[in-house]
Amino acid sequence: MSRKSFPFRATGGDLRDLDQPGYYSGYSTMAQQKSWDQATRDIVNGRVERIPATHLFSSEEAALLDAVIDRVMPQDDRSETRTVPILSVIDERLYKNALNGFRYDDMPPDQEAYRLAIQAIDEMARSRFGQPFIELTVHRQELILKSLHDGKPDPQHPAWKRMPVHRFWALLMEDCVTAYYSHPWAWDEIGFGGPAYPRGYMRLENGLPEPWEKDEQRYEWNAPVDSLSELDEEGVPPEHGSLHGHGGTH
Amino acid sequence: MVHRLGPMQTLPSPMRRFAENEIVDYCIVGVGSAGGVLVQRLARAGFRVVALEAGPFWDTEKDWVSDEKGSHELYWNDLRITGGTHPLALGANNSGKGVGGGSVHWAAFTPRFHPSDFRVYSEDGVGADWPISYWDLKPYYELLEREIPVAGPVWFPWGHPHGHPYGPHPLGGVGDVLVRGCTRLGIRSVAGGPVAILSASHGDRPHCIYRGFCLQGCKVGAKASTLITHVPDAIAHGAEIRAHSMVSRISLRDDGRVDGVLYIDREGREHFQRSRAVIVSGYAIETPRLLLNSACPGYRHGLANSSGTLGKYLMAQAGNVIAGRFDELIRLYKAPPAHALSEEFYETDKRRDFARGFAVQTVGPLPIAFAKQMTAAMGAWGWGMRRVMMDYNHWATLGVLGEILPWEDNRVELAEEKDHYGLPVAKVTFNLHDNDMKLIEFGKNKVMEIMWAAGAKQVVQESRFAHLVGAARMGKDPATSVVDKFGRTHDIPNLFICDGSILPTQGSANPGLTIQALAARTADYLIKQGDAIFFSNHRDHAEPVIRYDLSPPYTRFKGNPRIA
Chain A
1 MSRKSFPFRA
11 TGGDLRDLDQ
21 PGYYSGYSTM
31 AQQKSWDQAT
41 RDIVNGRVER
51 IPATHLFSSE
61 EAALLDAVID
71 RVMPQDDRSE
81 TRTVPILSVI
91 DERLYKNALN
101 GFRYDDMPPD
111 QEAYRLAIQA
121 IDEMARSRFG
131 QPFIELTVHR
141 QELILKSLHD
151 GKPDPQHPAW
161 KRMPVHRFWA
171 LLMEDCVTAY
181 YSHPWAWDEI
191 GFGGPAYPRG
201 YMRLENGLPE
211 PWEKDEQRYE
221 WNAPVDSLSE
231 LDEEGVPPEH
241 GSLHGHGGTH
Chain B
1 MVHRLGPMQT
11 LPSPMRRFAE
21 NEIVDYCIVG
31 VGSAGGVLVQ
41 RLARAGFRVV
51 ALEAGPFWDT
61 EKDWVSDEKG
71 SHELYWNDLR
81 ITGGTHPLAL
91 GANNSGKGVG
101 GGSVHWAAFT
111 PRFHPSDFRV
121 YSEDGVGADW
131 PISYWDLKPY
141 YELLEREIPV
151 AGPVWFPWGH
161 PHGHPYGPHP
171 LGGVGDVLVR
181 GCTRLGIRSV
191 AGGPVAILSA
201 SHGDRPHCIY
211 RGFCLQGCKV
221 GAKASTLITH
231 VPDAIAHGAE
241 IRAHSMVSRI
251 SLRDDGRVDG
261 VLYIDREGRE
271 HFQRSRAVIV
281 SGYAIETPRL
291 LLNSACPGYR
301 HGLANSSGTL
311 GKYLMAQAGN
321 VIAGRFDELI
331 RLYKAPPAHA
341 LSEEFYETDK
351 RRDFARGFAV
361 QTVGPLPIAF
371 AKQMTAAMGA
381 WGWGMRRVMM
391 DYNHWATLGV
401 LGEILPWEDN
411 RVELAEEKDH
421 YGLPVAKVTF
431 NLHDNDMKLI
441 EFGKNKVMEI
451 MWAAGAKQVV
461 QESRFAHLVG
471 AARMGKDPAT
481 SVVDKFGRTH
491 DIPNLFICDG
501 SILPTQGSAN
511 PGLTIQALAA
521 RTADYLIKQG
531 DAIFFSNHRD
541 HAEPVIRYDL
551 SPPYTRFKGN
561 PRIA
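Printed below as a string of C-alpha cells:
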C-alpha cells in the first residue's frame with residue numbers, strides 16, 4: 001500500500017481507523033445476504049473475499065497509480081482491514097480488456113491511456129517539485145491532480161496533447177467510483193439498500209427505512225481541512241458531451 | 001436443465017432446431033424489442049423462422065444479479081468509436097446484447113408518440129414526416145400495451161389521451177418530488193406509469209417488488225422484456241432462437257434478392273443461414289453497420305443504400321439529469337426509476353425560440369451511476385466525492401427527455417478498427433445543432449425550476465443523451481430514405497429492417513413501445529403478403545388487417561380504459 005495517513009487534522013482528527021464511515025452506524029448490507037438470491041450472493045461475496053492480483057501494470061506503474069487512487073478516492077479514514085480495493089479492480093478490467101462499449105475518437109485504448117497518464121503524472125511531479133509522485137507530500141500530490149481535474153495540467157506535459165485531459169479524468173473517476181461504490185462496505189457507508197431480490201421494498205415514500213435498514217444519524221463529517229479535493233461550487237468542469245461509460249438512467 | 005425466465009416462468013422445451021442447410025422463411029437478425037415481437041408473430045402465423053442473436057440466451061435466475069456492477073454483461077460492450085461535437089456514450093447507456101436486447105435493461109417507460117410526431121416537417125418545417133400517421137399505429141399501441149402489459153394512470157392527458165390496462169404503481173420518493181415540484185408550478189404530471197412493469201401479476205409473471213434494479217435486468221420478471229413477453233411464445237410455436245450468433249454479412253444473389261446471412265458462432269466458426277427473406281433488427285448502430293459491412297458489387301456503399309442515407313439521420317434524445325439535494329431523506333434507489341412524468345412541454349410552442357419540446361421524467365441512478373453523475377455535475381473527486389455520496393439518500397433525480405432533430409451529419413459509418421471477429425466496427429458521429437441546443441437549455445432550466453419548486457436546497461445537472469434511433473429511416477421517397485412504411489428496403493424486395501433505426505423522428509417519448517408497435521404492424525403486413533414476399537418483387541402498399549389472434553397468452557380479455 002502506498003497509502004499515507006494524513007496528519008492528525010485529517011478527517012477531522014478523530015475520524016480515523018473507522019470500520020464504517022458514514023451516517024448509518026450499525027447498518028450492514030452483508031448481514032442481509034440470507035434474503036438475496038444465490039447468483040447475487042456469489043458475486044458480492046466474491047467481491048469482498050477475492051482481491052484480484054495485478055497483472056497488467058508493472059510494480060512501478062502500480063505504485064504510482066495506487067498513490068493517485070489514494071487521492072482521487074481517498075480512504076484514510078477507513079481502517080486498514082476495511083479498505084476497499086480499487087487498483088486491483090482497475091488492473092483486472094484492463095487486463096481482461098473488459099471494455100465499456102466504446103472509445104472516443106480522440107482517445108487511445110484504455111490501457112494505453114492509463115500508461116500515458118501514469119508516466120505523465122510522474123514526470124509532472126519531477127518537473128514541478130523535483131521528486132517522484134509517490135514521494136510527494138499529500139498536498140503536492142493533490143496540486144498535480146487538481147490541475148488535471150481542472151483541465152489545466154500544471155506543468156504541461158506532451159501526454160495531454162495526445163489525449164484530452166478531461167477524458168482521462170472521466171475514465172479514471174469512472175473506474176474508481178465503480179470499484180468503490182460496488183463494494184458492500186461503501187453501501188453501508190452511504191445507506192444504500194444493496195441487493196433486494198427476492199425481498200424487495202415496502203416503504204417507498206418519505207425516505208423511510210425498511211425494518212432492516214437504519215435511520216440516518218448525522219454528525220459533522222469533516223474531510224481533511226487542507227484537502228484540495230473538497231467540493232467546490234465553482235469547480236464544475238466544462239461540458240464535453242456524455243461522460244465516459246455513463247450507465248443509462250432513462 | 002430448466003431454463004428460467006423469472007421465478008415462475010420457464011422456457012418452452014425442447015426448442016425446434018433447423019438443420020444446417022435448411023432454408024427458412026424468415027431469418028431475423030437481432031432479438032431485441034422489435035426482433036422479439038417479429039419472431040413471435042411470424043412463428044404463430046406458421047412461418048419457419050430463425051432469429052440470430054449476437055449475445056447469450058439469458059437464464060434470469062442464473063445469469064442476472066441484483067447488483068449494479070455485476071450487470072455489465074447485459075450491454076453491448078464491444079468496441080465502437082464515438083466522436084463529433086457532442087459524442088454519444090454507448091454501451092450501458094443505450095445498447096443491449098443478448099436475447100431481449102435493450103428491452104432487458106430499459107427503464108420501461110412506455111409513453112406513446114404524439115400525433116404531431118408523425119408530421120414534424122409539415123407542422124414545423126424541420127425534421128421529416130413519417131410515411132404513416134399516428135392513427136395507423138394507434139391500434140398497435142393499444143395491442144402492445146395489453147401484451148407487455150403497461151401499468152399507468154387511467155387518464156394520460158397528452159398527445160392522444162388514453163388510459164392503461166394495468167393500474168398505476170405507488171409513488172416513490174423521486175416521483176413525489178416530480179409531482180410536488182410540477183404542482184407548485186401549475187404543471188400537470190402523472191404518476192405510477194405509463195411503464196411496462198406489472199402492478200399486478202400477469203400469467204406466469206409476478207408483480208413488481210419495487211427494488212429499483214430495473215436497468216440491471218428484472219430478475220422478478222415484472223418488467224417487460226421480449227425475452228419474457230414474446231420469445232417464450234415464439235419458441236412454443238416453432239421458432240428457433242440461435243444465441244451467440246454474430247451476423248457478419250447479408251448475402252445478395254445476382255437477381256437482386258437476398259438469400260441468407262453469414263454468421264459466426266461462439267467458437268468462431270462461420271455458418272450460412274439460408275432464408276427466403278431477411279429482417280434486420282439490430283438497432284440504430286448495428287443495423288447500419290451490418291448493411292455497410294455487406295457492401296458488394298451493385299451496392300458499393302452498403303446494402304440497400306442507393307439513397308446514400310443509410311447510417312445518416314441518427315438520433316439520440318437529450319437526457320440531461322437534474323439532481324436536487326433535499327434536507328429530508330429521499331432514498332432514490334427504491335421503486336422503479338421510471339414512474340412519474342410530465343409531457344406538458346412536448347409540443348412546439350410558438351412563444352419559444354425552438355421547434356418541438358421535451359418530457360420531464362423520474363430517473364433513479366444506483367450508487368455507481370450517481371457517483372459518475374456527481375463527477376460531471378459537481379466536479380466531485382477525492383474527499384468531495386466521499387462527502388456527496390454520503391448524502392446519496394438525500395438526493396432526487398429528474399431527467400429531461402428532449403427531442404433532437406434528425407440531421408444528416410449525425411451518422412454511423414465504418415471505422416478502420418476491427419472487432420474480434422475481424423469486422424470493421426461502427427464509428428458514430430454526433431453533433432448538436434442550433435435548435436437542439438436551445439431546446440436543451442430551455443428544458444434543463446425548466447426541470448431545475450421544478451426541482452427548486454419541490455423544495456431542493458441545492459440543484460445541479462449533468463448533460464447526457466438517452467436512446468438511439470434513426471440511421472435507416474423509413475419514407476415515401478426511395479431517394480431520401482432506406483425503407484418503406486412497412487420496413488421493406490426500397491432497393492431489395494426481400495430485405496427488411498425493423499427496429500429503432502427506421503424512425504424518421506423521435507419525439508420526446510421513450511422509443512421502446514413505438515418500436516414494438518411498429519414490429520407488430522410489420523409482422524401483420526408480412527403475414528398478409530404471405531408467399532408473395534418470397535417470390536415476387538411487386539410491392540403492395542395496402543394496409544394490413546390487424547391480427548388480434550396472434551398475441552401471446554394472457555392478452556385476451558384485457559382492455560385499454562378510456563374516460564370519455
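Sequences listed follow chains A and B, in order.
Residue numbers for the first sequence follow our numbering, so the first one is 1 and each next one is one higher.
Residue numbers for the second sequence follow our numbering, so the first one is 1 and each next one is one higher.
Beta carbons are placed, not taken as given, at the ideal position from N, Cα and C, and that holds for glycine.
Identity of the residue in the options nearest residue i by Cα
i         : options                                    : result
Ser122(B) : Gln361(B), Ala355(B), Ser481(B)            : Ala355(B)
Asn100(A) : Val99(B), Lys97(B), Glu286(B), His72(B)    : His72(B)
Thr287(B) : Pro552(B), Ala426(B), His420(B)            : Ala426(B)
Pro195(A) : Gln38(A), Arg218(A), Arg126(A), Ala223(A)  : Gln38(A)
Ala567(B) : Asn21(B), Thr60(B), Pro115(B), His105(B)   : In the structure as shown, chain B begins at 1 and stops at 564. Residue 567(B) is therefore absent and cannot be evaluated.
Glu20(B)  : Gly70(B), Thr85(B), Leu262(B)              : Leu262(B)
Ser229(A) : Pro153(A), Ala186(A), Asp70(A), Glu174(A)  : Asp70(A)
Ser189(B) : Ile279(B), Glu343(B), Gly125(B), Ser294(B) : Glu343(B)
Glu328(B) : Arg41(A), Asp188(A), Glu220(A), Glu216(A)  : Glu216(A)
Ala523(B) : Asn560(B), Asp499(B), Gly512(B), Asp419(B) : Asp499(B)
Reduced DSSP category for residue i - H, G, I as helix; E, B as strand; rest coil
i         : result
Met124(A) : helix
Asp77(A)  : coil
Ile322(B) : strand
Val104(B) : helix
Ala239(B) : coil
Trp130(B) : coil
Met173(A) : helix
Pro7(B)   : coil
His251(A) : Outside the shown range of chain A (1 to 250) lies residue 251(A), about which nothing can therefore be said.
Met374(B) : helix
Asp232(A) : coil
Pro198(A) : strand
Asp124(B) : helix
Ala200(B) : coil
Ala568(B) : In this structure chain B extends from 1 to 564, so residue 568(B) is not present and cannot be described.
Status (buried if at least 16 other CB within 10 Å, exposed otherwise) for residue i
i         : result
Thr362(B) : buried
Ser133(B) : exposed
Trp135(B) : exposed
Glu22(B)  : exposed
Pro184(A) : buried
Gly75(B)  : The sequence shown places Tyr at residue 75(B), rather than the Gly named in the question. Buried, since its Cβ has 16 or more Cβ neighbours within 10 Å.
Trp212(A) : exposed
Gly36(B)  : buried
Asn494(B) : buried
Sequence-distant residues of its chain with Cβ nearer than 6 Å to residue i (five each side left out)
i         : result
Leu171(B) : Ala191
Val447(B) : Ile322, Val360, Leu398, Val400
Arg44(B)  : His237, Leu550
Leu468(B) : Asn94, Ala284, Ala316
Val39(B)  : Ile28, Val49, Ala51, Ala234, Ala239
Leu116(A) : Ala159
Val120(B) : Gly127, Thr505
Leu518(B) : none
Interface residues of chain A facing residue i [CB-CB closer than 8 Å]
i         : result
Asp255(B) : Near Asp255(B) there are no residues of chain A at all, since even the closest Cβ is about 38 Å away, more than 8 Å.
Leu171(B) : Leu204, Glu205
Beta-carbon neighbours of residue i, restricted to chain A and to distances below 7 Å
i         : result
Ser342(B) : Within chain A, no residue comes near Ser342(B); the closest Cβ sits about 14 Å away, beyond 7 Å.
Tyr75(B)  : Gly101
Glu53(B)  : Here the premise fails: no neighbours, minimum Cβ distance about 17 Å.
Contacts of residue i in chain B (Cβ-Cβ under 9 Å)
i        : result
Met73(A) : Trp381, Gly382, Met385, Arg386
Neighbourhood of residue i by C-beta, 7 Å cutoff - its chain only, sequence neighbours within 5 removed
i         : result
Arg266(B) : His244
Ile134(A) : Ser2, Ala63, Leu64, Ala67
Ala113(A) : Met107, Met163, Phe168, Leu171
Val131(A) : One detail in the question is off: residue 131(A) reads as Gln in this sequence, not Val. Within the same chain, Gln131(A) has close Cβ partners Ala125.
Residue i: contacting residues in chain B (beta-carbon distance under 8 Å)
i         : result
Ser229(A) : Trp381, Gly382, Trp383, Gly384, Met385
Trp187(A) : Pro367
Neighbourhood of residue i by C-beta distance below 8 Å, restricted to the same chain and skipping five residues each side
i         : result
Asp106(A) : Met163, Pro164, Arg167
Leu185(B) : Glu449, Ile450, Ala453
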